[in-house]
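Engineer: Once you've had a glance at the structure underneath, I'll fire off some questions.
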Amino acid sequence: MFPALRNGSLVPTPSAGPVNRLSSLFDQFFQDDLFTPTPQAWTALPLSMWEDEQNVYAEVDLPGMTDKDIEVSIHGGDLLIESERKCERKQGGYDSRTYGRFQQRVSLPTPVDADKVEAKLANGVLSLTLPKREEAKPRKIALKSE
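Residue numbers for the sequence shown follow our numbering, so the first one is 2 and each next one is one higher.
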């Protein structure tokens with residue numbers, strides 16, 4: 002017979018068959034406060050951003066989100082991504098996922114045409130293509146020879 006550990010103290014386990022003892026240990030294990038989901042606040046989203054001559058690109062990891070959960074907008078020179086993941090509290094078990102409302106604001110490296118931004122969500126990754134405004138695109142200057 003193995004003693005059980007409860008609140009840091011050993012407590013004798015009543016005599017029972019091996020299956021009942023194992024069941025009792027699992028019950029104690031999953032009823033512990035350690036396994037009660039505690040919502041974690043979002044700090045920052047995993048984001049990657051780069052640009053070429055025509056566009057600015059961004060990818061954001063948003064596992065478990067749908068297109069109805071996410072808002073993307075351009076405010077001034079900033080890209081704004083907002084959403085909320087609600088905690089679906091389940092009895093027993095363990096949950097260390099992040100819950101709550103989040104907002105990620107990123108300064109864009111160059112002015113973009115907000116009316117032509119393309120956004121798609123696939124496999125938990127939000128992909129954005131933000132076309133640069135014409136005045137922000139590089140221009141070749143013609144040289145005159147004398």
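Note that beta-carbon positions come from the ideal geometry of N, C-alpha and C, so glycine has one too.
Here the structure is a predicted model, which is why all the values come from computation and not from measurement.
Which residues in the same chain as Trp-51 place their Cβ atom closer than 6 Å to its Cβ, once the five residues preceding and following it in sequence are excluded?
Structural biologist: Tyr-58
Engineer: Going by beta carbon distance, what residues of the same chain come within less than 7 Å of Asp-68, once the five residues before and after it are set aside?
Structural biologist: Leu-122
Engineer: In whole angstroms, what separates the C-alpha of Asn-56 from that of Lys-133?
Structural biologist: Taking the straight line joining both Cα atoms gives about 5 Å.
Engineer: Taking the alpha-carbon positions, what's the Gly-101 to Cys-88 distance?
Structural biologist: Rounded to the nearest angstrom, the two C-alpha atoms are 8 Å apart.
Engineer: Once DSSP output is grouped into helix, strand and coil, what is the label at Asp-116?
Structural biologist: helix
Engineer: With 16 other CB atoms within 10 Å as the buried threshold, where does Ser-146 fall?
Structural biologist: exposed
Engineer: Distance check for Phe-103 and Met-66, CA to CA, integer angstroms please.
Structural biologist: Computed Cα separation, rounded: 12 Å.
Engineer: At which residue ranges does the stretch 50-91 contain complete beta strand (DSSP E) runs of 3 or more residues, listed in the order of the chain?
Structural biologist: Whole beta strand (DSSP E) segments, 3+ residues: 56-62, 71-76 and 79-86.
Engineer: Do the stretch 72-86 and the stretch 104-115 touch if we need at least three Cβ pairs shorter than 8 Å?
Structural biologist: The stretch 104-115 and the stretch 72-86 touch, with three or more beta-carbon pairs separated by less than 8 Å.
Engineer: Only counting the same chain, and skipping five residues up and downstream in sequence, which positions put a Cβ closer than 6 Å to that of Ala-120?
Structural biologist: Val-73 and Leu-129
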